[in-house]
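In this note's numbering, the protein residues as written are 1354 to 2398.
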């Protein structure tokens, strides 16, 4: 290695070409690398959905879900099976174990399901797919004073045309109804004409059809024979003959039925700024072309708006590129500000040219990393951009260590290539070990569950590449540049001489401080080693206590205020649409009232703060979106607006779920619990749920406690009477005819330009909207007799589930609750389980209660992270044992690492921030910097010991020698991250926990490096010496008294 370093030091052209290649490669790499807001996620989950039109949740569970679960349960590689049985369809989600091929699992599942031949005939084909999260390009809205048919046609035109744009994969339309042609008969009409649903359906099918009838092989060529009588329009169906009399009279379909060529009867609305419309989600292509896709979509929206009818608007509501641009601008601006501050700090203590080359080296390192990102299939996204800021402190550290070492050798009289080479070689070992150990310390980020890997993989590879190029730049390029530094002479310019005097004052001041302040304090601590150890140990214990006792809140993600508020309300299936719409109208009215709220306007200097409001609702869900002006453009906080909005809306007791979220990362902490029990009786389940809900509601700060068991609905249960079959009526006859009347019979599907349209035969709408219809409908026997349904079947109202959830083939009940901001959801759940689970298990057979959602993710990540972090600490310690040829010194290197956590805790308390996943990432980066500083210090102590100095003298002199680089590393890391710490923009809030951990962790760990590590080295050496004396005396005694002469 020394030969390579010497060659680059003596060949500046080679060093400059290497630097230039990294910079040019970075430029072209940035042009080539994929750019997206979040990485495309190919998850380890398989979804199976199967429609069963007209069926209730219980039937879906028994006929669809259970059969699928039983068919696939024994496949190897399945971690968990979850399912939801809802009205009209079932969904099964298979969570695949890590290490198994998801596509192979998908094929195995498909094979098992295809082999099932007991699905109901009315069920549709299952759809089996791997769940893949593709990033969206933008959200757009089409709205205005226009009829629904025209609005839908325009939306479909947009969908088809935009899907052809470069960078766009698909366009999904929300709020649109499917076309449907409904043929509706009344019970009275059927009795008047002596008709049945079967007869009408038979007539339609036999009149509306296209049938290829073969080919005539004539001598003049083949002639195709076709019958083309397929009905497509209202009039085509109206003219179908249902029955012909002998006298020539014909009974047409229009004579007995209402024919409606319109939309499905499901209720769905999208309101944008008070007008009806549709919401369009434009998805990015598989090969993310964020810039091209956005520009193409913008141009299309602009051009399409020009041809729209007056009063109709097509506009973009939200763009991914705006998020990307804001993050990238944040990175760029804060990186430039941070590097400038680092340059100023270095200028105060080092020569200007040296400081300049250190800063240029940092930029070169980043360029080199960007150069190779495409080769590792890593995109420029929000997470990888976070990583560049996170790794800044480590990169600065390497450059400062080498630069300061060369500068120190120059101060000792060495010049040119000699000072560059000797200065670099003196810190080669610690710098190289620091980079390797830091890469190892980051390995836990790629050994995590796939759900978390999407967030950590990009970060790891950015850190890895930056560290590799940092090593290349610090060892090969920087020394060559520093070799050209000449002996400092007095300048002819007065301003230069004044700046030089200022720099000398700071540099000499630091050295004076090290001799006059640091050295005496270090001597004092060395004389009182036990007190020193106890003091630092107490600080560490207090930090752990602050976290474990709940003074600092743990959360998966930082609570980042959003630039909009979203209200989501869910109702049980079967809830009247009028009730859902009434609640939706009330929330929409309260949202519109926010802009005239005097309290909020006073806080915002009488300026409006809402830019748009839209609402989407269907039969069971309401979503209200309130878009706010940007955070920098208003003085009233989104939290304040959200609290006022929550008060205006008030409670929604009739809802199954209700949330008002003003945070980008989920708002208030949420508790999600899974309750499982062997007992399937609903009354017993309800008792268990009531116990859990009551206990959870008793905790202060817990509100909005709900369970999905509360979502029950009224069902009509029909049972055949014993004497019915003697009348020629079977259960199949009753079930089929009731289904035909209420759900309808699908006669056929007719193709239209944009979709297949179902042709449905059923009762009139008003007959399907009342229970009274069941009192007078007739069941028709095969011999033509009509019997009241009450004569052949018992009709009873019963209670049933509106939805059924299962986990690992057992029914599952979900209980959710929200916790006020600042509350500790983990502590609440821990106390709940400890105090109650034992007694609940005695009361309810097979009772179990476990966490889910964010709490489960946090626990799994925390456990996985802790185990892997311990593993890499052991690996790094073993590496240092080999490098130092010592069993003791590696523990000294790692000694300051835990104290980075102390600094992180102090920083989070000062900033009032929760400890989150991003805090842990900052702690990892802090570990790399701390290890580097400790390596540099210990390497210097060992060098001085090798020259013959005693332990005390070597420790004190090494502390003085390495005081400046360690302090400079701490100051530059902290100051370089200051712009982000004081950044008010929304985008910076994600970064702050990571930056707090890194900056404060490095600051406190530097204190540990300068004081605790020398004390530990000195104490360990003294203890080792005493042990050696004791061992020698023991061996001497053993040889003299025990061994025979």
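Each residue gets a CB set at the ideal place from its N, CA and C atoms; glycine is no exception.
Assumed close pair residue i, residue j - CB separation to whole angstroms, cut-off 8 Å
i, j, result
"residue 1780", "residue 2232", "Contact doesn't hold; Cβ gap of about 18 Å is too wide."
"residue 2323", "residue 2279", "Not quite, the Cβ-Cβ distance comes to about 11 Å (not below 8 Å), so this is no contact."
"residue 1624", "residue 1968", "5 Å"
"residue 2320", "residue 2352", "Not quite, the Cβ-Cβ distance comes to about 14 Å (not below 8 Å), so this is no contact."
"residue 2066", "residue 1927", "4 Å"
"residue 1466", "residue 2161", "With 8 Å as the limit, residue 1466 and residue 2161 do not qualify as a contact, their Cβ atoms being about 18 Å apart."
"residue 1774", "residue 1362", "5 Å"
"residue 2120", "residue 1619", "Actually they are not in contact, since the Cβ atoms of residue 2120 and residue 1619 sit about 18 Å apart, beyond 8 Å."
"residue 2062", "residue 2042", "5 Å"
Whole-angstrom distance between residue j and residue i, CA atom to CA atom
i, j, result
"residue 2057", "residue 1730", "43 Å"
"residue 1470", "residue 1417", "11 Å"
"residue 1407", "residue 1477", "11 Å"
"residue 1866", "residue 1876", "14 Å"
"residue 2146", "residue 1422", "33 Å"
"residue 1369", "residue 1830", "7 Å"
"residue 1937", "residue 1970", "7 Å"
"residue 1538", "residue 2046", "48 Å"
"residue 1898", "residue 2272", "18 Å"
"residue 1391", "residue 1491", "13 Å"
"residue 1399", "residue 1484", "6 Å"
"residue 1757", "residue 2242", "24 Å"
"residue 1809", "residue 1736", "8 Å"
"residue 2151", "residue 2159", "22 Å"
"residue 1627", "residue 1720", "49 Å"
"residue 2391", "residue 2223", "Because residue 2391 carries a pLDDT of 49, less than 50, the predicted location of this residue cannot be relied on, and no value is offered for it."
"residue 2204", "residue 2025", "6 Å"
Bridge partners - residue i, DSSP secondary structure assignment
i, result
"residue 1544", "BP columns for residue 1544 are empty, so no partner."
"residue 2140", "2132"
"residue 1767", "Looking at the DSSP assignment, residue 1767 forms no beta bridge with any residue, so it has no partner."
"residue 2146", "2073"
"residue 1636", "1489, 1523"
"residue 1448", "1398, 1433"
"residue 1532", "1616"
"residue 1494", "1632, 1668"
"residue 1605", "1594"
"residue 2068", "2151"
"residue 2014", "1919"
"residue 1569", "1576"
Which of helix, strand or coil DSSP assigns to residue i
i, result
"residue 1710", "helix"
"residue 1432", "strand"
"residue 2199", "coil"
"residue 1402", "strand"
"residue 2433", "The question about residue 2433 has no answer, for the chain in this structure spans 1354 to 2398."
"residue 1668", "strand"
"residue 1367", "helix"
"residue 1810", "helix"
"residue 2391", "With a pLDDT of 49 at residue 2391, under the threshold of 50, the predicted position of this residue should be treated as unreliable, and no value is reported."
"residue 2403", "The structure shown does not extend to residue 2403, since the chain is modelled only from 1354 through 2398, so no value can be given for it."
"residue 1470", "coil"
"residue 1593", "coil"
"residue 2191", "helix"
CB contact below 8 Å: residue i versus chain C
i, result
"residue 2247", "In summary, chain C is missing from the structure at hand, where a single protein chain is found."
With a cut-off of 8 Å, do at least 3 Cβ pairs link the stretch 2074–2086 to the stretch 2178–2191?
-> no
Counting pairs of Cβ atoms below 8 Å between the stretch 1697–1714 and the stretch 1745–1754, do you hit three or more?
-> yes
Is there contact here, the stretch 1605–1624 with the stretch 1640–1654, by at least three beta-carbon pairs under 8 Å?
-> With the cut-off at 8 Å, the stretch 1605–1624 and the stretch 1640–1654 do not touch.
Flag this pair as touching only if the stretch 1997–2011 and the stretch 1665–1674 have three or more C-beta atom pairs under 8 Å; answer yes or no.
-> no
How do the stretch 1693–1704 and the stretch 1849–1864 stand: do at least 3 beta-carbon pairs fall below 8 Å, yes or no?
-> yes
On the three-pair Cβ rule with 8 Å, is the stretch 1982–1995 touching the stretch 2123–2134?
-> no
Is the stretch 2363–2379 close to the stretch 1879–1899, with three or more CB pairs under 8 Å?
-> yes
Any 3 or more C-beta pairs closer than 8 Å across the stretch 1717–1728 and the stretch 1782–1801 | no
Does the stretch 1976–1983 touch the stretch 1917–1924, meaning 3 or more C-beta pairs lie closer than 8 Å?
-> Taking one beta carbon from each stretch, the stretch 1917–1924 and the stretch 1976–1983 have 3 or more pairs nearer than 8 Å; the two touch.
Counting pairs of beta carbons, one from the stretch 2264–2271 and one from the stretch 1760–1767, are three or more of them closer than 8 Å?
-> no
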